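**Q**
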Amino acid sequence: MNNLVWIIILLVGAGFLWAGFVFSKERFPPFLRETTLTGWEVFLLGFAIGPGGFGLIGAGELNQLDPFIALGLGWAGLIFGIQLRWADLKKVEPFIRFLTVGQTLAAGMGLCLVFLFMGVVFHGYSASGLAAAALLVGAACSVSSPTAISIMAARLPKTSLPLIRPLLVVSTLDLAPALAVVGLLFCFFDPMNESVFSMSRGVALATYSIVIAILLAAMFLLIDRKKLSGEHNLAVFMGFIIFASGISFYLGLSPLFTNLLTGIILANVLSPDDSIHTLLHATEKPFYVILLVVAGLWWTAEGAGVWITGIALAAARVELKYHSVKALERFWTDGQKLPPNAGLALCSPGAMSLAMGLNFLLAYHGDGPVFAFGAIAVSTMIGEAMAPALIRRALARGEENERA
Amino acid sequence: MNALRVAAVAGLAAALMTLARYIGQELGSFSPMAESAMALGFLMIFAFFLGQAAPVIGAPRITGYLLAGVAAGPFALGLVTQENAAPLRMVNGLALSLIAFTAGGELKLARYRPRIKALALAVAGQSLASFALVAVVMFCAFYFFGAGEGITQADTLAVSLAAALLLGILSMANSPATAVAVITEGRAKGPAAEIIMGSTVLVDMVVVLVFGALAPLVGGILGMSAGQEQAAGIFQHIGGAVALGLGVGLAMIIILQFSQEGAALWVSGMAMALSELSIHFHVSALLAAIVAGFLVENYSRHGEKLIEAIELSSAPVYVIFFSLAGQGLDLAALAANLPLTLALVFTRMAGVWLGVNAGLSMAGEPLETRRNAWQGFVGQAGINIGFAILAQQYFGQVGAIVATIAISAVAVNQVAGPIMMRRALVAAGEISSASSTQPVPKAEPSSPR
Numbered sequence: 001m002n003n004l005v006w007i008i009i010l011l012v013g014a015g016f017l018w019a020g021f022v023f024s025k026e027r028f029p030p031f032l033r034e035t036t037l038t039g040w041e042v043f044l045l046g047f048a049i050g051p052g053g054f055g056l057i058g059a060g061e062l063n064q065l066d067p068f069i070a071l072g073l074g075w076a077g078l079i080f081g082i083q084l085r086w087a088d089l090k091k092v093e094p095f096i097r098f099l100t101v102g103q104t105l106a107a108g109m110g111l112c113l114v115f116l117f118m119g120v121v122f123h124g125y126s127a128s129g130l131a132a133a134a135l136l137v138g139a140a141c142s143v144s145s146p147t148a149i150s151i152m153a154a155r156l157p158k159t160s161l162p163l164i165r166p167l168l169v170v171s172t173l174d175l176a177p178a179l180a181v182v183g184l185l186f187c188f189f190d191p192m193n194e195s196v197f198s199m200s201r202g203v204a205l206a207t208y209s210i211v212i213a214i215l216l217a218a219m220f221l222l223i224d225r226k227k228l229s230g231e232h233n234l235a236v237f238m239g240f241i242i243f244a245s246g247i248s249f250y251l252g253l254s255p256l257f258t259n260l261l262t263g264i265i266l267a268n269v270l271s272p273d274d275s276i277h278t279l280l281h282a283t284e285k286p287f288y289v290i291l292l293v294v295a296g297l298w299w300t301a302e303g304a305g306v307w308i309t310g311i312a313l314a315a316a317r318v319e320l321k322y323h324s325v326k327a328l329e330r331f332w333t334d335g336q337k338l339p340p341n342a343g344l345a346l347c348s349p350g351a352m353s354l355a356m357g358l359n360f361l362l363a364y365h366g367d368g369p370v371f372a373f374g375a376i377a378v379s380t381m382i383g384e385a386m387a388p389a390l391i392r393r394a395l396a397r398g399e400e401n402e403r404a
Numbered sequence: 405m406n407a408l409r410v411a412a413v414a415g416l417a418a419a420l421m422t423l424a425r426y427i428g429q430e431l432g433s434f435s436p437m438a439e440s441a442m443a444l445g446f447l448m449i450f451a452f453f454l455g456q457a458a459p460v461i462g463a464p465r466i467t468g469y470l471l472a473g474v475a476a477g478p479f480a481l482g483l484v485t486q487e488n489a490a491p492l493r494m495v496n497g498l499a500l501s502l503i504a505f506t507a508g509g510e511l512k513l514a515r516y517r518p519r520i521k522a523l524a525l526a527v528a529g530q531s532l533a534s535f536a537l538v539a540v541v542m543f544c545a546f547y548f549f550g551a552g553e554g555i556t557q558a559d560t561l562a563v564s565l566a567a568a569l570l571l572g573i574l575s576m577a578n579s580p581a582t583a584v585a586v587i588t589e590g591r592a593k594g595p596a597a598e599i600i601m602g603s604t605v606l607v608d609m610v611v612v613l614v615f616g617a618l619a620p621l622v623g624g625i626l627g628m629s630a631g632q633e634q635a636a637g638i639f640q641h642i643g644g645a646v647a648l649g650l651g652v653g654l655a656m657i658i659i660l661q662f663s664q665e666g667a668a669l670w671v672s673g674m675a676m677a678l679s680e681l682s683i684h685f686h687v688s689a690l691l692a693a694i695v696a697g698f699l700v701e702n703y704s705r706h707g708e709k710l711i712e713a714i715e716l717s718s719a720p721v722y723v724i725f726f727s728l729a730g731q732g733l734d735l736a737a738l739a740a741n742l743p744l745t746l747a748l749v750f751t752r753m754a755g756v757w758l759g760v761n762a763g764l765s766m767a768g769e770p771l772e773t774r775r776n777a778w779q780g781f782v783g784q785a786g787i788n789i790g791f792a793i794l795a796q797q798y799f800g801q802v803g804a805i806v807a808t809i810a811i812s813a814v815a816v817n818q819v820a821g822p823i824m825m826r827r828a829l830v831a832a833g834e835i836s837s838a839s840s841t842q843p844v845p846k847a848e849p850s851s852p853r
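Listed in order, the protein sequences are those of chains R and S. Heads up: the first sequence is residues 1 to 404, going by my numbering. Heads up: the second sequence is residues 405 to 853, going by my numbering.
1) Taking the alpha helix (DSSP H) that R/Gly343 falls in, what are its first and last residues?
2) Counting only the same chain and skipping the five closest in sequence on each side, list residues whose C-beta sits under 7 Å from that of R/Phe220.
3) Do the segment 569-577 of chain S and the segment 531-551 of chain S touch if we need at least three Cβ pairs shorter than 8 Å?
4) At the level of alpha carbons, what is the spacing between R/Tyr288 and S/Val605?
5) Since R/Gly46 and R/Gly296 should fall inside the 8 Å C-beta cutoff, what is the C-beta to C-beta distance between them, to a whole number of angstroms?
6) On the three-state DSSP scale, how would you describe S/Val460?
7) Is it the case that the Cβ atoms of R/Leu253 and R/Ser209 are separated by a distance below 8 Å?
8) Which same chain residues, not among the five before or five after S/Ala713, have their C-beta less than 7 Å away from its C-beta?
9) Going by CA-CA distance only, name the one from R/Asn268, R/Phe331, R/Pro191 that's closest to R/Ala217.
10) So the alpha helix (DSSP H) R/Lys326 belongs to, where does it begin and stop?
11) Could you work out which residue in S/Leu423, S/Gly783, S/Leu454 is closest to S/Arg409 when comparing CA atoms only?
12) Between S/Leu439 and chain R, is any beta-carbon pair separated by less than 8 Å?
13) Run through chain R and tell me which residues come within less than 8 Å of S/Leu716, C-beta to C-beta.
14) Check for me: the alpha helix (DSSP H) holding S/Gln797 runs from which residue to which?
15) Cβ closer than 7 Å: which chain S residues qualify as neighbours of R/Ala204?
16) If we cut at 8 Å on Cβ distances, does S/Leu502 have a partner in chain R?
17) Taking 8 Å as the threshold (C-beta atoms), are R/Ala372 and R/Phe360 in contact?
18) Can you tell me whether DSSP reads R/Phe54 as helix, strand or coil?
19) State the start and end residues of the unbroken alpha helix (DSSP H) segment that holds S/Glu580.
20) Count the other CB atoms, across all protein chains shown, that sit within 10 Å of the CB of R/Glu384; report buried if there are 16 or more and exposed otherwise.
21) I need the straight-line Cα distance from R/Asp224 to R/Val114, nearest angstrom please.
22) Return the chain-ordered list of same chain residues with a C-beta closer than 6 Å to the C-beta of R/Ala206, the five sequence neighbours on each side being excluded.
23) Is it true that the segment 97-107 of chain R meets the segment 117-131 of chain R, where meeting means three or more beta-carbon pairs spaced less than 8 Å apart?
24) Below 8 Å on the Cβ atoms is my guess for S/Phe450 versus S/Ala414; work out the distance and round it to an integer in Å.
25) Determine the direct distance from the alpha carbon of R/Ala140 to that of R/Trp299, and round the result to whole angstroms.
26) Put R/Val289 into one of helix, strand or coil per three-state DSSP.
27) Can you tell me where the alpha helix (DSSP H) holding S/Val474 begins and where it ends?
28) Count the other CB atoms within 10 Å of the CB of S/Thr588; is the residue buried (16 or more) or exposed (fewer)?
29) If I measure Cβ to Cβ from R/Arg85 and keep anything under 8 Å in the same chain, skipping five residues before and after, which residues do I get?
30) Would you check if there are 3 or more beta carbon pairs closer than 8 Å linking the segment 228-244 of chain R to the segment 718-727 of chain S?
31) Which one of R/Gly102, R/Leu73, R/Ala204 has the shortest CA to CA distance from R/Arg330?
32) Is R/Phe189 helix, strand or coil by DSSP?
33) Rank S/Val614, S/Ile793, S/Leu561 by C-alpha distance to the C-alpha of S/Phe543 and give the top, closest one.
34) Can you list, in chain order, the residues of its chain whose CB lies under 8 Å from that of R/Ala355, leaving out five sequence neighbours each side?
35) If we require 4 or more residues per run, which alpha helix (DSSP H) segments fall completely within the segment 194-281 of chain R?
36) Please identify, using Cβ separations under 8 Å, the residues of the segment 43-65 of chain R that lie next to chain S, in order along the chain.
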């Protein structure tokens, strides 16, 4: 009973403190306000209440979170897939497409090599385990998030907007190659058999992924959503995502990938003003928060190796993004103008990075995935904290050049 | 929605599940641990569409959700089993807390003050009449027709009396979750709806107190020392639940005071915290959440904000909660104890009818209300199962017999209750026939990723 009294006092006190700060970040000191711009600190809340923190949710209870994980990962894949409408993609300038794929591949390969090295030094991976983990880390850490860019864009002078648009497009689209890598990784590296590479399994599952996505899309299209109210739409939508993700988990596939494929099919069948877009965006913030909290619950933050690897990945990402964008610009610009340090603006990995890491951890189990996810989490937190400053630097220099 | 479409969706969902299992078997590579998410997703889709069909036969949507759970459950299609439903405890707890927040939030003192007399008399009447009738009938059933295997002749009187008392107590309980779901789904407004909502919440508190008070007596009849400790435990259980509810309610008031947006997420977080803390401290999550909702509604300016925050997620919450409840119904126990179960169900129904009518008559409620309101008290759900399990733990073999029959009766009342409640509210002219027209919420401009 004493414990209960203390917990109640803690709840009320936390409510005061949290309310005072969280609902109005203006009260934060400027440094703190800037570094928590994208809301990544919610990940730490999940860590705090999880087994790695205060243990309010124990390790044995984490399997109770399967439905939330299914919902979060599935939603993340679907909301991205639904944006990949071919008619809209055709309008993207060739240079932007070139830059998107080019900088993601360059950063991804570089980060993959960094992790290969760190994995050998700090963790006793098997060969296939290391290969799978390195591919995953390379993909997860190479993505860019448009969130920080769009938030910073609102704070910078309007003259910066022409420079920001190409960066927003690149940071939105560069998730596609990364998710494709993750999806195929899950097909070809068997999570139930120590990440052993299997060509036959890979081809079979890749094919099945497409079949399942088609059937899921067909199921969704059959639902007469126009006659449903807002909350009923939400109910069937949540059920659909959890079901799709559940099937993916069952087969050892990535729910991010399966829902991405489903989203792509839906994007190209449904009309652009379909209510699914409204529903996805209306649920963006809550599901984003759920994803961050759940990811935090699974993070254990143990071992110096995880921290060193995470810091190395964060530093490598900045360098790789900066230099790869510069190199690609020299190769071909097609008349497009980018800020001189454009690559710096693409260093915010966002929640999708954590989502990919979490997906890997849950499917593959064991110390190796724990190490990989831990490093991704550290790298993501550093990236998110640095992102506003890097974006400001990238865009400020661009604006100066514009004025000159 | 077109029946053909519904069948096609359900069929595709079942086909996908089958395909997934086939692929998993073929490749020799599948994760049984992932079955819970797949099962929940399937259940949500299946339950949702069965719920959409339920109003066609005059039943509330939650009946459809319940029946979907039964159909998908271990005693029918076996798509959702006890094993793959076990990891869904947290989701279920979250759903129950949100429903109970709503129940507490609907207990507006200003609205209920004029009806205090009617509520008190309805609660008293229903409790006394159902307790008395059920106790007498079940005593006769056990005493004259056998108390069960392994019970000797010498023990029959004591066992019959103890079992009758326990079943009498359990028969008093209702289902606030059912009342909330049916009344909010139908947007019912009127005296019958108010009496049902207020009384079902109050009755459950009465059951907790009566169980605590009579547990020593039952223990004494059976020659067990268990009753005394359990009585103390029950009162601690009530006190702890109220304390937890007050703490969470206070935290929610603060959060609702300061939050400009995302109140729904915060409320869901508090519901989850309450649910987990209740388990940790062995107190009733239902009672704690009702107290929290009651506090926010009646002692702050944020009652409407709380209800609005929960409303958008109400449909998914009801689908999850009631379909899982349906999946958990023990049909095998029902089949094995059908005669006793039906005797209990109908005796209880008679007691409810008698007690509620008498109570509302004494309160001066009009005939229209008296005629219909009693049907809202038929439903039973989780709290009964909770007490049945307690009886099983405290009172050995007798408790086990009581638990089996009580849980079987819940299976019947949980399906019949919502149907009867909706019929009553329609007959009283208090339910709107228009479906919910809440629009899909507007998108917010930011795009976090």
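Backbone N, C-alpha and C fix where the C-beta goes; we use that ideal spot for every residue, glycine too. Being a predicted model, the structure only gives us computed values, none of them experimental.
**A** Taking the coordinates as given:
1) No residue range can be given for R/Gly343, since it is assigned to no alpha helix (DSSP H) and is classified by DSSP as neither H nor E.
2) Phe240, Leu266
3) yes
4) 35 Å
5) 2 Å
6) helix
7) yes
8) Once the five neighbours on either side are set aside, the close Cβ partners of S/Ala713 are Ala667, Ala668, Val671.
9) R/Asn268
10) 304-331
11) S/Leu454
12) Note that residue 439 of chain S corresponds to Glu in the displayed sequence, not to Leu. Yes - at least one Cβ of chain R is within 8 Å of the one on S/Glu439.
13) Gly230, Glu231, Leu234
14) 786-798
15) Leu431
16) no
17) The criterion of a C-beta distance shorter than 8 Å is satisfied by R/Phe360 and R/Ala372.
18) coil
19) Residue identity check: residue 580 of chain S is Pro in the sequence provided, not Glu. Residues 580-590.
20) buried
21) Approximately 49 Å between the Cα atoms of the pair.
22) If we look at R/Ala206 and ignore the five residues flanking it on each side, its Cβ neighbours are Cys187.
23) no
24) 6 Å
25) 16 Å
26) helix
27) 465-476
28) It is buried - the Cβ of S/Thr588 has at least 16 other Cβ atoms within 10 Å.
29) Ala267, Asn268, Pro272
30) yes
31) R/Gly102
32) Three-state DSSP puts R/Phe189 in a strand.
33) Of the candidates S/Val614, S/Ile793, S/Leu561, the one whose C-alpha sits nearest the C-alpha of S/Phe543 is S/Leu561.
34) Within the same chain, R/Ala355 has close Cβ partners Gly72, Leu73, Ala76, Leu256, Leu291, Ala295.
35) If only uninterrupted alpha helix (DSSP H) runs of at least 4 residues are considered, those enclosed by the segment 194-281 of chain R are 199-222, 230-250, 255-269.
36) Leu56, Ile57, Glu61, Asn63, Gln64, Leu65
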